[in-house]
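A short worksheet on the structure shown next.
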Amino acid sequence: MSIRVYNTLTRTKEPFETIVPGKVGIYLCGPTVYKESHIGHMVGPVIFDTVKRYLVYNGYDVKWVVNITDVDDKLIAESNKRGIPMADIAAEMTTDYIENLKAFGVDQIDEMPRATAHMGDIISFIKQLVDKGYAYESEG
Numbered sequence: 555m556s557i558r559v560y561n562t563l564t565r566t567k568e569p570f571e572t573i574v575p576g577k578v579g580i581y582l583c584g585p586t587v588y589k590e591s592h593i594g595h596m597v598g599p600v601i602f603d604t605v606k607r608y609l610v611y612n613g614y615d616v617k618w619v620v621n622i623t624d625v626d627d628k629l630i631a632e633s634n635k636r637g638i639p640m641a642d643i644a645a646e647m648t649t650d651y652i653e654n655l656k657a658f659g660v661d662q663i664d665e666m667p668r669a670t671a672h673m674g675d676i677i678s679f680i681k682q683l684v685d686k687g688y689a690y691e692s693e694g
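My numbering numbers the first residue of the sequence shown as 555 and each following residue consecutively.
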């Protein structure tokens with residue numbers, strides 16, 4: 555079955571073509587885990603869980619990644635407010651998020667990388683942007 559998608563740029567329906575034949579990658583920005591999850595955190599995952607199921611049904615090999623932002627100014631502020639380590643809050647709220655995903659029947663996510671597990675990569679990428687003049691340091 556051929557899949558057609560709507561291209562908002564051209565305002566036409568076009569054939570769905572993958573970069574690597576038969577393979578699809580989906581990346582969805584996940585939550586910053588400083589407070590309990592809410593309905594807004596569930597909208598994207600519910601939609602893309604359905605999209606992934608449809609693509610798999612049509613024979614595609616799909617890898618879906620949703621990140622967890624477990625370091626952020628809001629998380630630091632919540633840590634200071636509650637007087638407990640940032641990592642403890644992040645773990646508690648990540649568990650809350652995952653439990654809510656399950657309650658909505660979202661079970662197709664393949665990977666949920668945490669930002670803190672990739673700080674070296676993030677810093678290296680930012681350095682490359684600065685070195686190329688695409689970004690700059692502001693107030694240290």
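All residues carry an ideal CB built from backbone N, CA and C; glycine is no exception.
Counting C-beta neighbours from all protein chains within 10 Å, is the total for residue i 16 or more, i.e. buried, or is it exposed?
i, result
"residue 696", "This structure gives no information on residue 696, because the portion of the chain shown stretches from 555 to 694."
"residue 606", "buried"
"residue 588", "buried"
"residue 592", "exposed"
"residue 695", "Because the chain is modelled from 555 through 694, residue 695 falls outside the range shown and cannot be assessed."
"residue 597", "exposed"
Identify the residues that DSSP records as bridge partners of residue i: which are they?
i, result
"residue 581", "619"
"residue 639", "DSSP, once it has assigned bridges, lists no residue as partnering residue 639."
"residue 560", "567"
"residue 665", "619"
"residue 586", "623"
My understanding is that residue i touches residue j, with C-beta atoms under 8 Å, so please give their C-beta distance in whole angstroms.
i, j, result
"residue 619", "residue 667", "7 Å"
"residue 629", "residue 652", "Contact flag wrong, Cβ pair sits at about 17 Å."
"residue 599", "residue 655", "6 Å"
"residue 609", "residue 578", "5 Å"
"residue 590", "residue 640", "16 Å between Cβ atoms; not a contact."
"residue 689", "residue 676", "No, residue 689 and residue 676 are not in contact; Cβ-Cβ is about 12 Å, not under 8 Å."
Could you tell me the boundaries of the alpha helix (DSSP H) in which residue i lies?
i, result
"residue 607", "593–611"
"residue 673", "673–685"
At what residues does the beta strand (DSSP E) containing residue i begin and finish?
i, result
"residue 567", "566–569"
Is the shortest distance between the beta-carbon of residue i and the beta-carbons of chain D less than 8 Å?
i, result
"residue 631", "Protein chain content of the structure displayed is limited to a single chain, and chain D is not contained in it."
Subject >> Three-pair Cβ contact test at 8 Å for the stretch 595–605 versus the stretch 653–660 >> reply: yes
Subject >> Inter-stretch contact (C-beta, 8 Å, three-pair minimum) for the stretch 630–648 and the stretch 571–580 >> reply: no
Subject >> Given 8 Å, three or more beta-carbon pairs between the stretch 666–683 and the stretch 610–629 >> reply: yes
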